[in-house]
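S.K.: In order, the protein sequence lines correspond to chains W and X.
Residues in the first sequence are numbered from 1 upward in steps of one, following our numbering.
Residues in the second sequence are numbered from 1001 upward in steps of one, following our numbering.
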Amino acid sequence: MSHDTVHSPVGGSLWTRPVRILLVFVALGAIMTVWRFAAGLGAVSNLNDGYPWGVWIAFDVVTGTALGCGGYAVALLVYILNKGEYHPLVRPAILTSLLGYGLAVLAVTIDLGRPWSLWKVPVFFWRWTGSPQLEVALCVAAYVAVLLVELSPAFFEKWSQSPDTGLGRFAEKGLRFVTRWQVWIIALGLLLPTMHQSSLGTMMLLTGPKLDPLWFTPWLPFLFLVNCVIIGYGVVVLEGHLASSAFGRPRETEMLGRLARVVMWVAWFFFAFRLIDVGLRGQLGRVFADLRGFAFLVEMLLLAGGALIFTSETRRRDPGQQFLGGMVLITAGVVYRFNVYLVGFAPGDEWSYFPAVPELLITFGIVALEVVLYVAAVTVFPILAGPREEPARA
Amino acid sequence: MNPGRRRALRVLAGTGAATAAAASPVAASRASGVVPPEAVGMLYDTTRCIGCKACVSACLRANDLEPDRSPDGLYQAPLGLNSRTKNVIKLYKDEQQTSYVKMQCMHCVDPACASACMLGSLHKDETTGIVSYDPSYCVGCRYCQMACPFEVTKFEFDKAVPKIVKCELCRHRVQDATFTQTDSGFSRYPRGHGPACCEVCPREAVIYGKRSELLAEAKRRLDANPDAYVPKVYGETEAGGTQVLYLSHVDFEKLGLPDYGDQGIPHVAYAVQEGIYKGFIAPVALYTALGLVMLRNRKKEDGPDAADSGKGVAP
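1) Identify the residues that DSSP records as bridge partners of Phe59(W): which are they?
2) Output needed in chain order: residues of the stretch 1235-1246 of chain X with a Cβ under 7 Å from some Cβ in chain W.
3) Three-state secondary structure (DSSP) at Phe170(W)?
4) Using only alpha-carbon positions, find the residue among Ala1205(X), Lys1278(X) and Arg1221(X) that is nearest to Cys1049(X).
5) Would you say Val183(W) reaches chain X, if we count a Cβ-Cβ gap shorter than 8 Å as a contact?
6) Under 8 Å between the Cβ atoms of Leu303(W) and Ala260(W)?
7) Just the Cα atoms here: how many angstroms apart are Phe170(W) and Pro153(W)?
8) Strictly by DSSP, which residues pair up with Ile383(W)?
9) Excluding five sequence neighbours on each side, which residues of the same chain lie with their C-beta closer than 7 Å to the C-beta of Asn48(W)?
10) Report the rounded CA-to-CA distance for Arg1191(X) versus Glu1236(X), giving the unit in angstroms.
11) I need the DSSP call for Met255(W), collapsed to helix, strand or coil.
12) Residues of chain X with CB under 7 Å from Arg207(W), in chain order?
13) Between Ile1265(X) and chain W, is the shortest Cβ-Cβ distance under 8 Å, so that the two count as touching?
14) Near Val226(W), what residues of its chain come up, given a Cβ to Cβ distance below 6 Å and the 5 sequence neighbours on each side ignored?
15) Starting from His1172(X), trace the alpha helix (DSSP H) in both directions and tell me its first and last residue.
16) Take the Cβ of Val1250(X) as the centre, count every other Cβ of all protein chains shown within 10 Å, and call the residue buried at 16 or more, exposed below.
17) With a threshold of 8 Å, are at least 3 pairs of Cβ atoms found where one atom belongs to the stretch 111-123 of chain W and the other to the stretch 160-175 of chain W?
18) Kindly list, in the order they appear in chain W, the residues whose Cβ is closer than 7 Å to that of Lys1232(X).
19) With DSSP collapsed to three states, give me the class of Thr16(W).
20) In or out: Asp212(W) buried (at least 16 other Cβ within 10 Å) or exposed?
21) Using a Cβ-Cβ distance cut-off of 8 Å, determine whether Phe37(W) contacts chain X.
22) Go to Ala1254(X), then tell me how far its alpha helix (DSSP H) extends in each direction, as first and last residue.
23) At which residues does the alpha helix (DSSP H) containing Ile1089(X) begin and terminate?
24) Going along chain W, which residues have a C-beta under 9 Å from Met1103(X)?
25) For Ile1265(X), collect the residues of the same chain with a Cβ closer than 6 Å to its Cβ; drop the 5 residues on either side in sequence, then sort them by chain order.
26) Just checking my contact of Trp53(W) with Pro358(W) at CB under 8 Å: how many whole Å lie between their CB atoms?
27) Answer with yes or no whether the minimum CB distance from Leu47(W) to chain X is below 8 Å.
28) Compare the C-alpha of Tyr1260(X) against each of Tyr1092(X), Gly1051(X), Lys1102(X) and Asp1110(X) and name the closest.
29) Please classify Arg1298(X): is it buried, with 16 or more other beta-carbons within 10 angstroms of its beta-carbon, or exposed?
30) So which of Pro250(W), Ile21(W) and Val149(W) has the shortest CA-CA distance to Leu175(W)?
31) Which class does Leu22(W) belong to by DSSP, given the choice of helix, strand or coil?
32) Does the beta carbon of Leu329(W) come closer than 8 Å to any beta carbon on chain B?
33) Residues of chain W with CB under 7 Å from Ala1269(X), in chain order?
34) What in chain W is Cβ-close to Glu1066(X), meaning under 8 Å?
35) Is Lys1299(X) close to chain W, meaning its C-beta is less than 8 Å from at least one C-beta of that chain?
36) Per DSSP, what kind of secondary structure is Tyr1075(X) in: helix, strand or coil?
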């Protein structure tokens, strides 16, 4: 019974070699961030008036929140479609989501020109406009809080092992609260991503004529939602494999294979929908017109490739193919978002953008921080499913 | 009433406040896309402009901007609008035609920048229609730059405490301006009360006034001299209409004034957004449905014969 899904910490040392290497990147990113706040955005980035949004938004925020969709995708499967057998995937997926979103918020703070005014956004509600970005901002903030609550049993379980301390008593109360209200907490955890993931698509509708017609469609919000589900499942497949190989947890090949079947159908649906939408708007001729057409082609071929891998039953059951398929689908999904926010954005020929080195270092630093936090969390807290084994030598 | 349903209602009541709060951004309406009653604006006529750039200098003085000497360090010679230049004169030239063109904020009737702005730092005045900027609520997200179809909003990338920079139609001068009616039916404003660029123009290539009067004047010029112009007043309907109007002897497209159709730029985004969030009914319905499905799943699970189904909602 999945009520009894056992979670246990990985244990072992945190101060491993990979972690030390990652921390170097975190430090580099931190130094660049200090520089950015001292000297302004132009000093560290190639952002300009034509391309005001670069990799920080297109990758760290838009893609980071998409990678954070693992929790959404699995929760949808487990709680709404009632596939309880996937329950062991929930906690790690929620952790990934929390990290993805938390660091997206960090990236936004670095990207914002005037972050000291950010607190005004939730507070001055009488000034709220109908901006799609406001919807995203409020929803993401709320969702980070919901994810924390969703993950809190992992912390509470650990702390409640020392029942006589204040922390222990707090943990027990917390556990009771979360258990009691879990249905409505999880429902909120499903509603909020549905809202802001689609709004991430709506946001680019406001750029109107500046977004290439290969990507500009009133269906953008819907496409972003489906895209988020594809990436979300891809993340879960990857995570299942990484967790088992890096931390010696039992492989979930069977379960991930069944999951791959679902993703395959969603991916083919997205593929067909995009093709029909672009075709109906008479834009298919643009595919071979320029570099943007090429980017569209890459995006579509990657998606078809990932879906093809999962179309064969034998490949779906093969751990190596699962990993490959998951990787390809995530890449396809990320490329789509990148295309909408960066490649397909056409402010005019006089503008160009390619990220500067310090700008990329900040992005690398954020990704590295995400990985370090993940490793730390699964090492210390009961997040991954399975009984405790001998600490893995990483 | 069964316990599950009662619980559902209780939670709904509890989240009511949050839901209502989340509903507000959609409830707050944007500029309606209708020209404001007292809309002011400018009319620029390429056939009159001699490219003297007096307006560019006047704009700097009126707005306390530092001259942009970036090309060679000697001249005030901006290549286009930038974070130190709210108004610029450009030159178009091919084998047959030559034309100057003045660039500044168009003060759209349905401004995409203001629709993008989360707390209304960019705001279209309900009366004058001037699109103004107030840095105190600006987080520096630059979504306005992403949205502006005319590439007007600029950002101080070189500053640690940056702001958005754009033409605000000299609203600090225009404020409370008293105007007089002239014989020709044209409103005239006393010196120092109109946009600086219009005041210094030696050829009246750019003039300031009420949008309705400027539009009438533009059409009068078109009628009087049909051979001199492309037969269109750019801004009458383009991109949902703008409050800065253009007359030209060269195709507008060549001057950097593309044909954006007659709908406001935010039109599609808002049609979609309002379709989804109208009255916040869809999100509330979805939330309720999600919760009820899970309650049903759990009940099935807790049933006597389903105890070992391996399905659960434990987090």
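Glycine included, each C-beta is placed from N, C-alpha and C at the ideal position.
M.R.: Let's see:
1) DSSP, once it has assigned bridges, lists no residue as partnering Phe59(W).
2) none
3) helix
4) Each of Ala1205(X), Lys1278(X) and Arg1221(X) was checked against the Cα of Cys1049(X), and the nearest Cα belongs to Ala1205(X).
5) yes
6) no
7) 12 Å
8) None, per the DSSP bridge assignment.
9) Trp351 and Tyr353
10) 27 Å
11) helix
12) Checking the displayed sequence, the identity of residue 207(W) turns out to be Thr instead of Arg. In chain order: Met1146 and Ala1147.
13) With 8 Å as the cut-off, Ile1265(X) counts as an interface residue toward chain W.
14) Phe270
15) Counted as a single uninterrupted DSSP element, the alpha helix (DSSP H) harbouring His1172(X) occupies residues Arg1171 to Val1174.
16) buried
17) no
18) What Lys1232(X) touches in chain W: nothing, since even the nearest Cβ is about 18 Å away.
19) coil
20) So Asp212(W) ends up on the buried side.
21) yes
22) Position check: residue 1254(X) holds Lys in this sequence, whereas Ala was assumed. Here Lys1254(X) belongs to no alpha helix (DSSP H), and DSSP marks it neither H nor E.
23) From DSSP, Ile1089(X) is part of no alpha helix (DSSP H) but of the beta strand (DSSP E) over Val1088 to Lys1093.
24) Simply none; closest approach about 13 Å.
25) Taking C-beta separations shorter than 6 Å and ignoring five residues to either side along the sequence, the partners of Ile1265(X) in its chain run Ala1112, Pro1149 and Ala1239, following chain order.
26) Between Pro358(W) and Trp53(W) the Cβ distance is about 17 Å, and since that is not below 8 Å, they are no contact.
27) yes
28) Asp1110(X)
29) buried
30) Val149(W)
31) helix
32) Protein chains in the displayed structure are W and X, and chain B is not among them.
33) Pro132, Thr202, Leu205 and Leu206
34) None at all; the shortest Cβ gap to chain W is about 15 Å.
35) no
36) coil
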